[in-house]
Each structure stands twice: as structure tokens, then as C-alpha cells.
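Chains as they are written, first to last, in the numbering used here: chain A, 610 to 1123; chain B, 13 to 366; chain C, 230 to 563.
Just so it is clear, CB atoms sit at the ideal spot from N, CA and C, and this is done for glycine as well.
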Amino acid sequence: MTGAPPIVEMTGISISFPGVKALDAVDFRLFPGEVHTLMGENGAGKSTLIKALTGVYKIDEGQILVAGEERRFGGTADAQAAGIATVYQEVNLCANLSIGENVMLGHEVRGPFGINWKATHRAAAEVLATLGLEQLDLRRPLATLSLAIQQLVAISRAMVTRPKVLILDEPTSSLDANEVANLFTVIRKLRDQGVAILFVTHFLDQVYAISDRITVLRNGGFVGEYPTRELDRTTLISKMIGKDFATLRSLGSERQSHHYEPRGEPLLKAEDLGRKGSSEPTDLELHQGEVLGLAGLLGSGRTELARLLYGADRPDSGTVWLRGRKTDIHTPTAALAHRIAFSSENRRDEGIIRDLSVRENLVLAVQAKRGWFRPLSRKEQDALTRKYLTELNVRPADPERPIKFLSGGNQQKVLLGRWLATEPDLLILDEPTRGIDVGAKAEIQAAVAALAAKGVAVVFISSELEEVVRLSDRIIVMKDHRKLAELENGPHVTAETIVAVIADEGDDEEGDSE
Amino acid sequence: MSDLAARLAAGRGAIVRNQAFWGVIAIAALLAINVVADPGYLSVGYNGETGRLSGNLIDILRAAAPILMIAVGMCLVVATGGIDLSVGSIMVVAGAVSMELLRGMDGSAGNAALTLAIALGIATALGAVNGFLVSVVGLQPFISTLVMMLAGRGIAKVITGGQNTTADNDSFAWLANGYVVGVPVVFLLAIAIVALVWLLVRRSALGLMLEAIGMDSRASRLAGVKRRSLQLTVYSVSGLLAGIAGVFATASVMTVDVSRTGYQLELDAILAVVIGGTSLAGGKFSIGGAVIGGLLIATLDKTVVFLGIPASATPAFKAIVIVVLCLLQSERVRSLFRHRRALRAQSQKEAVAA
Amino acid sequence: MRSTARVARAFAVAGALTLGLAACGGGDDDTSTSGGDGGGDDVVTVGFVAVGPEGGWRQANEANVQDTFTEEAGFELKYAPATNLDQRSQIDAFTSFVDEGVDVILLSATEGAGWEDSLRRAQEAEIPVILVDRGIEPDDTDLYVTRIAPDNYEVSTSVAEWAVSAFPDGANYFVLEGPAGVSVVNERNKGWDDTVGSAANLVKIGAQTANWSTEEAKSVFETVLRANNNDIQIVFAQNDEMGLGAAIAVEEAGLTPGVDVQIATIDGTKPALEALSEGRLSFVAEYNPLFGETLLEVVDKVLNGEEVEPYIIVPSETFDSPEAATAALPSRKY
């Protein structure tokens, strides 16, 4: 681009883990003053490449030049000292410390009497101001903040050392549109100051909004490096998945055109279902074989409603009829016994159990449902695991690998397998596609469509309105912890329709009759 | 060829990383020290008259029995991310109940069985109280069981009126002192109970459920794991096992010593669990490891006496053994050694090259 | 059916405590009688910083003190046993007695060291302190009025003299000690060593702590016998419980206590005398716990301002034969 030499230049990088070649002769260049996006499916090697650069993983072959000098870092701290700061996909902060303490952790301003907290907080405030977050109360404990704000705090923390290279590993996966825009403003500002930014995301819109260049990886191999302007979306996706994009595209439209008319008695009917402080009393009907989308912005109450349906939180008002019978569902155990399954949006804390193997994670819910004294035999476990690993195309298909070593998308597929193994009549999926790549996303969407076709009722929650529109038969639009409208889906409904409903602020209560 | 070598090396790595391995090494080292002190240390004799095996190894096995019981119970509790500080006190309660009951009875086997049932029932109930406080009331395990640790010894004092109580019942004493085909009953019982617990947790899905709770209690709740009933079960089982340990300890001398029986044995149990490779943070647990830890502690206690280490020096000696063991188990310390070895090898190579 | 009653009682007690219904005994402080000093007919308040459950000897000793300082005799005794033999809890009890302003404090210290500050506070408050049984270290006689105790040194000397006379041809001996560092242990060791040390043919094989416990003593001595091929003729157990544990270990090793190994103990509790009468123990030196009457006389003297000796030794008996034990058993109170 400019004539300046690259600040980071990696050539022929290879890394092997036992049984897997994680990176195979990958090249990567990063210039000062550019935003460079690293693209690829889950498991393509994006995180591994970042960890190779920061020295978290040792490389087997290849060369890393930083500012023209050959370097091998001993870890994140080492890299940071050399001006390379990283913000990882999962927020790694101390929940019980305040915002200010988190931002300045390890960089506290020291005075003659130990830490000078006043100066430390002042420094933290300056950093937050550059990110447009000056409205945050520095003394608030991190735990009281939304995941989105926590992510911004994590980025602020990386900016404390004024790095020359800033690595953002899926920083936007939990941010809403406003927060993303806010972040991009900051990223552009930093770019204009000459900071080199390495950006990893799954949101194609964001790639085209912010990045100057794209490097594509697939299965640990290097596919190519392209200026963003010269690469259209279809080509980009084909390069990432190595498949024709049209096959993926057809899935959604097919589903939308074969709209399913609910018949007969609802599987589940709720009246005035609510819980003080988290969910206003809501009415709801769910039929066999339909996909009900819950749409709304982050914090609109869609997650809270889903948790009430599953008994993850205890409802304090309302009545639920299941298959026509009045039923109390106050615990997850009860819900599972009634063939209801729920996949939480918080994959890390409420989904996977990191240290258990893929197999153990997959059979956990079935086993819990049967009770511990009626164990699944190893044979049954293996059969179940094999079945879902194949059906959902989990990679690597190694049942004994601890699940923490799988990529986010594959973890999500294993979790989907966990719930499917319980053979639910009602499956509630809260953000099942957040932070995962296009390929895995398409596979999960296909699985949802297949489930509905088999007669399972699915509640589908996603921040991506297009996805909700593509998959749902009916859509409940939520705002401020209450139901705003219920829409019958059809060719006339688009993401814009939903946005309009939210913007109109409930003038359109009878939206489903239009 | 090189593939085979790599696999062997990987296998060796797995064994060395397995923390219980170092426990076995430590036991072997202690035995070796004893053999140096007395070459006949390991010999096991057979007494034709009494039909008993005898020897230091047999003594170690007998001494290990109570520790094995509480270590296994502790292991299960620790797996759920909890801790049970009350095992020593539950031991003394079970012992006090036994002695107090037997003192007023004739020495029949039926009375021994009745006493055993009541003592173990009360121990289980005390464990269940721990479980109730932790799972239903939601107190921290440390606090709940600390309360029980203090209360338990008080209960024992009330039961015996504050006295050390002695009783006579040959059947009851047989549990701790008898022999079957030459082997101490107490060790056979201990191994049988350990095997039973192992089968219970590993052949059912109990082990998986406990680990799931210990690793991530929120995620396991959403997966339908019944945390409350499992915690109640685990603390009750720990209480029951502590009760058995208490019976073993008191039956061996048919005396309960209210201020000494089981005193601070919770620490031995925790130590045994940790030596066995189970993290106090919860999650993955190893009953086999806890057994090795228990055997190590018994071996250590016996070694101290056998070598005649002065009373004032025994705590220090035991501490040193434990610290060295923990250092060897630490991944970081081992990698330091490896690093130094590699450096030395390299410098030797360079020296040769030069 | 006595046994069923016992079953029921033990069960009920454990059950009640399990449910946390422990009833706290005593504690009804009658504050209306506090204050008024000098008058000879007033109730005398006595604070007893005690050891609490430790063994048969302690039980007898403290019960005897409690039975002596009764209301009928004109006393209000405040009994404060240590929790789990912890010195900290004793110091707390002591301090609160000083703050309350009791008339006299009786102290049985679990540990000898570390009492100077507390004793000085009592001195400033002009509350006389009488040491019961256990002494303090360093033994500063200015800090307390008097110590009343059987003499550990004397008692263990009597055991040593028995050993010397019973084994004129020499023998190997082993000592089972209490917890390391406790003053009783030091005194009992000294009494033994000073006498046995001069008998060259008595050979010390070793010494180990068994923490006053029967169970530990059995386990320790079983290993000691193995380590020495059973070649031990005398065991000096510093309390009865450990001696009884050693006897069990001897029996399990296939030897006969009293014949192959002779065991001498200190304390003279009933179980020990029973064992002596059966020949399982060979020598029991009493460490007389029943000196409540002596204590009462001393308290009266001190309150009347009379001088007393700084150390009052309570006489103790020794029992060296099954016959002596059998004769003493019927009147044994502890």
C-alpha cells in the first residue's frame, strides 16, 4: 500500500500439535496504519497464527520479523513489551475488580507510597476517553457490566501500553451495532495514528466496513492475501469454505418459501409468564414443527424469556400448558424431563464444561436425564457421540479430546449435539451462531431447519436479524423485557421490517395481521 | 521405529505427569530408606500358630485403613469443588457412640452389629447435615464443615460425658485387629470399601456428574445435573466413610479418646487426596490416587517411628517429605530440571564440537 | 434393660446435637452478688481456668475441684475448660475472670509458657492466682501465690526406682512420651532420666510421642517392637492410656505383657489399676488428682491474708503388684 516496510512479517509458519498440523507454511504481513482482517472458518488456524506471533505457541518452522528484526516471543507479556498487544476472543478480566483496576492492572501508577490510585484512575480515564467510553464509572465492579462493555474494557486495557500493533481476536462477537460503530471509530483513529491492526471477525459486513486487506486461511493452510476492494463477498466466502456459495444460500430461501402453518393444539402455551425485574408477563404459543424467532436488541429480554421457558430462572408469574396439560417448569431438570432443551448464549460459562472431553460433554444432559444410577454404557456413549459428530460435522471428530481444544463453532456443534441427544420436543437455542464462522453457521442453520421438519418446535434467538428472518416461521419482536409484536414470517418480511417494529416502539402491536 | 520411540516417550511423559506416580515413588523411597536401616524391613513372616502374616508392610496396611476411608470420602467431596473438614470429628463421634453403646452391652456379635449400624447411621446423618448446609442452605463447604468439625468433637464429649471410654466386645475388636487367611481384616475391609466406592462412581455416571459440578456448576445445572441431591449424597458418603474410619480407629484399642481420636486427620485426608493428583479446585478426581496418598501417609508415619526420629523432629521430617513430593509433582519445577539437563547436554555437545 | 437405656441415651444425645439443639448448660450469672468485698460470710467467687476433657486423670481432678468448691461451702465456682486443649481459649477465660473481678483464680495451664502477661494483669487487679497441677515456664514464683500439685519429678523418680530394682541385671527400655514440649513431659522425663541414667545396665532404645493416646501408643509401639526384634523389656509410658496401648501392641506381637515386656505407667486411673491387677501392666505410679480439700484450705488461707508455701506437693501412692492394685480398686474414684 504505502511504501513503508511491514511491521510484522511472518513467512512459512508451521505448527504441529499431536495428530494435527495446525498451521502449514502460512505467510502473513501487517503494515503500519492498516486494518488487516484474518479470515477463515473455525479451525482454519486464525487463533493459532495469532498465538504463534505472540509466542504463546512455539513455531516448528518459519520466520517472524517484527520491524525488520527476527523475533521469537516467550508469550503475550513478552510480545506486549515489544509493542504487540492482544485482546482475545473471550474476555479475560477480573470480574471482582473495578473497571479502572482492570484497565490498569499491571500498569498501576506508582508513587512513593505504593500505588497512586488517584493517578492510576486518571490514566485509566484517559484511555477510556480515547475509546469514547468516558461515561463509564471507573469504580464500578466489572461483574456488574454487560459482556459487551466488558469487551470494550478489555480493549481499553490493551491500549494502556500504546502498542504499535493491536490484535483484536473477535472483539465484536458480543457487541451490538452501536457499540461496534463506536469501536470502529476508535480503530480508525488508531489506524490513522499509524497503529497496525490485526482484526479477526466472522461478520462479513464488518470486514468490508473496516478492513484494508484480508488474509484468508483454510484448514491451517494459506489461501491468499487480498486488498479488500478487490475481493467480493461471494468470492471471499468461497475461498474460506472452499465450496460454492450458492448451495449455502439456497437453504434459507427454501425454508422461507415453504412456510409452515401451525395446526391443532400448541405444544406449549404460556400466559403471563414473567419474572420480576427480568421479564414482563408474556403470552406465547409454540407448535410442533415450527421455528419461533425471538428478535430484539441485546438486553431486550429475549434471553430472559428463554430462560423462564426452560426453568433456568424461576418464573414468578404466569401459567404454562405443555401438550394441553398445566405444567410447572421451575428447574432445568424438570424441563429436560418434559423434553425441553435449552442452549445458553453464554457458551463458555453455561454451555461447555471445558475440562471434560467432547464425548462427556455430549452425553452429559442425556445422562443427567436418566439419573446417575442408570449409566449409558460406553458403547452407547460412543454410538451417540459418533452419530452427532458425523451429523453435525464436528472437526476434529475426536470424541476423547477435551472440548476446550475445539474452536468455538465446533464447541457449539457439540452442544447442539448434547441437546439433540436428549431428543427434545422443544429446543431453545440462544445465540447458537454467535462468534462462529460462516460454514459452521450454515451447518447449524441447516440442522435447525431439519429439526423443524422432523416436528421439533424450535425457539431461535439471534442478534443477526437476517438469520432470524431466514429461519423462523413466526417472529416475536422484543424490547425492554416485553413482547412488542408477533410477526408471521413470509417473503414480505425482512430484517428491515423488524427494525421498523422496534423503532416504532409498539405502535404496531397488531403486526401479525398485516 | 521412530514412531514407536515417540509413542513410548509420550507414554512415559503421561506417567511422569500423573501425580500419583510420584506418590508411588515416594512410598518406594521411604521403604528403601527403611531397608537401609534394617535389611529385613520388607520381610513378611507367617506365624503357623496364629495363622497370621506379620511384618512392617502388614502394619502399614493396617495403619492405612482409616486414612484410606476418609481420603476416599474427601476425594469425592473435593471433586465437587467442596471440602470436608469434619471427617476427623465424625470419626470421634462414631467411636464415642460405639464405645458408649458397647460398654453397656454384653460382648455378643449381635450387639457389635447393632452398635456398628447405629454408629455408622449417626455418622452418615452428620455427613448429611454437612450436605444440607452446603447444597440447600448454600453455605460455603469450608464453613459448613468447619462448624461440624467443632460441633462433632463437642457431640462426642457429650456422648461420653467428657471421658475416654473403654469397652469390651471381641467381635467389634475383630474388625480392627482380626485376620482372615493371614491378612488383617481391617485392610481387607478398607480395600473392599474402596473398590465398592470406585465401582459406584466409575461404573455409574456418578463420577461424571461430580466432575461436571466441580468444573462448572452453572453449566452442569443447565445440563440437568441435580447438584443438590448429588452434594447431599457426597457429603453423606463422606460422613459414612469417616464413621467407618472412626470404628476402625477405636476398635483397634477398644477405647475412644475424645480429644485425640481422629484429631486433625482431616488434614491427612486432604493431603492424601492432593498427593493422589486431585486438584482442590474440583473436577477430575482419582480414587486410586487418593489410595496411594493414604498409603504414603501411613508409610511416612510408620517410617518416622521405625527410624526412631526424635519426637520433636517428626513434624519437620514429615513436612520435608511432603514438600519435596509436591515440588516433584509440580510441572513447573520438573520443566526447570529438564531445562537444566538440556542446557548441560547442549554445552557438552558444544564442548565436544569445539 | 440398662443397655437399651444407654442406646436410647446415646442416640438421643447425638440426634439432638445433630439438629443443632445443643443446650448450653450453666451460664446463669448472678450479677447481684458481685461487688461487696471483705465480708467473710459473702459468697467467694472462684474462677477455674481448667484443661477440660483430656483423660481419666483430668476428669477426676476437675470433678473433685468442682465438688469441693460448692455453694454449701460458700463458693461460686466458675468452671472454664479449654476448647481442644487450646491455650488461646484459656488465656481468654483467664482475662475475662480478671475483668469480672473474681476473688481468686485457679489455673491449670495446658501449656507452661506464655502466661506472664495474664498473670501480671491478675496481680495488678489484686486477684490471687493458684496454680493447680500444671506449672508455668519460666517458673517465676512472684507471679502466683502457690502451686498445688503432685510432683511429676517425684512420681517419675518412683517409677525409675522400681525399674532399677526390678531389673538388677539390666534391660532395654523405651519411653512413650506425651506431646513434645509440654512441661509435664519434660518433668517426667527428667525424673526418670536422673535415676535411670545412673544405672548403666538400663539401656535406652528410644523415645517417641504418642500424644497421650492409646491408639497412637499401640501403633507406635507395634513398630518399635518390630524395629528392635521384640528386644525391649521395659516401657515407661508417661500416662495410663499410652501404657494400655503399649500392652495391646505387646499382646498382638505374640508376647505377654508383664512377662516379656513390663510396662510402667503414671496416673493411676481405674483402667490402669484393673490392668495391673490382671498383670498386663507391671507398675502404676499414682499422680494423685484428689487434692480438692488441700486446695480449699489454701484458698481460705490466701483470702485471709495468710502466708503459704510457694509449692505444695500432694502426696501420691505407687502400686507395684496385682495385689496392691486389687486392694486399691474398690475405693478408686477415677
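{"Item": "Beta-bridge partners of proline 486(C), as assigned by DSSP", "Value": "Val490(C)"}
{"Item": "Sheet register partners of tryptophan 930(A) (DSSP bridge)", "Value": "Lys878(A) and Lys935(A)"}
{"Item": "Member of Gly426(C), Arg561(C), Val464(C) and Ser337(C) whose CA lies at the smallest distance from the CA of alanine 206(C)", "Value": "An answer regarding residue 206(C) cannot be provided, because it is not within the stretch 230 to 563 covered by chain C."}
{"Item": "Residue environment, tyrosine 997(A), which counts as buried when at least 16 other CB atoms sit within 10 Å", "Value": "buried"}
{"Item": "Beta-bridge pairing of valine 436(C) - partner residues as DSSP gives them", "Value": "It is worth fixing the name first, because residue 436(C) is alanine in this sequence and not valine. DSSP output for alanine 436(C) lists Val404(C) as bridge partner(s)."}
{"Item": "Phenylalanine 396(C) - DSSP class collapsed to helix/strand/coil", "Value": "coil"}
{"Item": "Under 8 Å (Cβ pairs) to chain C, residues found in the segment 246-268 of chain B", "Value": "Ala261, Thr262, Ser264, Val265 and Thr267"}
{"Item": "Chain B contact for aspartate 259(C) (CB, 8 Å cutoff)", "Value": "Summary for aspartate 259(C): the model assigns pLDDT 40, below 50, so the residue's position carries little reliability; its value from the coordinates is reported in the next sentence. Taking Cβ atoms only, chain B never reaches closer than 8 Å to aspartate 259(C), which makes this a no."}
{"Item": "Residues that DSSP places opposite serine 241(B) in a beta bridge", "Value": "According to DSSP, serine 241(B) bridges with nothing at all."}
{"Item": "Exposed unless 16 or more other CB atoms sit within 10 angstroms - verdict on serine 506(C)", "Value": "buried"}
{"Item": "Asparagine 293(C) in three-state terms, based on DSSP", "Value": "helix"}
{"Item": "Close-in-space but distant-in-sequence residues of the same chain around valine 809(A) (CB under 6 Å, 5 per side omitted)", "Value": "Leu647, Lys655, Asp778 and Glu779"}
{"Item": "Entirely enclosed beta strand (DSSP E) segments - the segment 663-711 of chain A, minimum 3 residues", "Value": "670-675 and 693-696"}
{"Item": "Short Cβ contact (8 Å threshold) for alanine 106(B) with leucine 126(B)", "Value": "no"}
{"Item": "Leucine 1015(A) and valine 967(A) closer than 8 Å at C-beta", "Value": "yes"}
{"Item": "Lysine 798(A) - DSSP class collapsed to helix/strand/coil", "Value": "helix"}
{"Item": "Endpoints, the beta strand (DSSP E) within which methionine 648(A) is located", "Value": "644-648"}
{"Item": "Neighbouring residues, chain B, relative to phenylalanine 637(A) (Cβ below 8 Å)", "Value": "Neighbours of phenylalanine 637(A) on chain B: none; closest Cβ ~30 Å, over 8 Å."}
{"Item": "Run of the beta strand (DSSP E) containing methionine 1087(A), from where it starts to where it stops", "Value": "1083-1088"}
{"Item": "CB-CB length for isoleucine 359(C) against valine 388(C), believed under 8 Å", "Value": "Their Cβ separation, rounded to whole angstroms, is 27 Å, which puts isoleucine 359(C) and valine 388(C) out of contact at 8 Å."}
{"Item": "Anticipated Cβ contact below 8 Å, leucine 253(B) with valine 84(B), distance rounded", "Value": "6 Å"}
{"Item": "Beta-carbon proximity check, glutamine 1020(A) vs isoleucine 961(A), cutoff 8 Å", "Value": "yes"}
{"Item": "Interface flag, alanine 392(C) vs chain B, CB-CB below 8 Å", "Value": "no"}
{"Item": "When Val303(B), Ser324(B), Gly94(B) and Leu292(B) are compared against alanine 207(B), the one with the closest alpha-carbon", "Value": "Val303(B)"}
{"Item": "Three-state secondary structure assigned by DSSP to tyrosine 835(A)", "Value": "strand"}
{"Item": "Every unbroken beta strand (DSSP E) inside the segment 515-557 of chain C [3 residues or more]", "Value": "540-542"}
{"Item": "Neighbour flag for valine 236(C) against chain B, beta carbons, 8 Å", "Value": "In this prediction, valine 236(C) has a pLDDT of 49, which is less than 50 and means its spatial position is unreliable; what the coordinates show is noted afterwards. With 8 Å as the cut-off, valine 236(C) counts as an interface residue toward chain B."}
{"Item": "Interfacial residues, the segment 981-993 of chain A to chain B, with Cβ spacing under 9 Å", "Value": "Trp981, Phe982, Arg983, Pro984 and Leu985"}
{"Item": "Endpoints, the beta strand (DSSP E) within which aspartate 964(A) is located", "Value": "That residue, aspartate 964(A), is in no beta strand (DSSP E); it is neither H nor E in DSSP."}
{"Item": "Run of the beta strand (DSSP E) containing isoleucine 359(C), from where it starts to where it stops", "Value": "358-361"}
{"Item": "Between the CA atoms of isoleucine 365(C) and glutamate 383(C) - distance to the nearest angstrom", "Value": "18 Å"}
{"Item": "Under 8 Å by beta carbon: chain C residues contacting alanine 75(B)", "Value": "Ser448"}
{"Item": "8 Å Cβ cutoff, arginine 509(C) in contact with chain B", "Value": "no"}
{"Item": "Alanine 676(A) versus aspartate 801(A) - alpha carbon distance", "Value": "19 Å"}
{"Item": "Cβ neighbour criterion (16 or more within 10 Å) applied to aspartate 228(B)", "Value": "buried"}
{"Item": "Chain B within 8 Å of alanine 686(A), Cβ atoms only", "Value": "no"}
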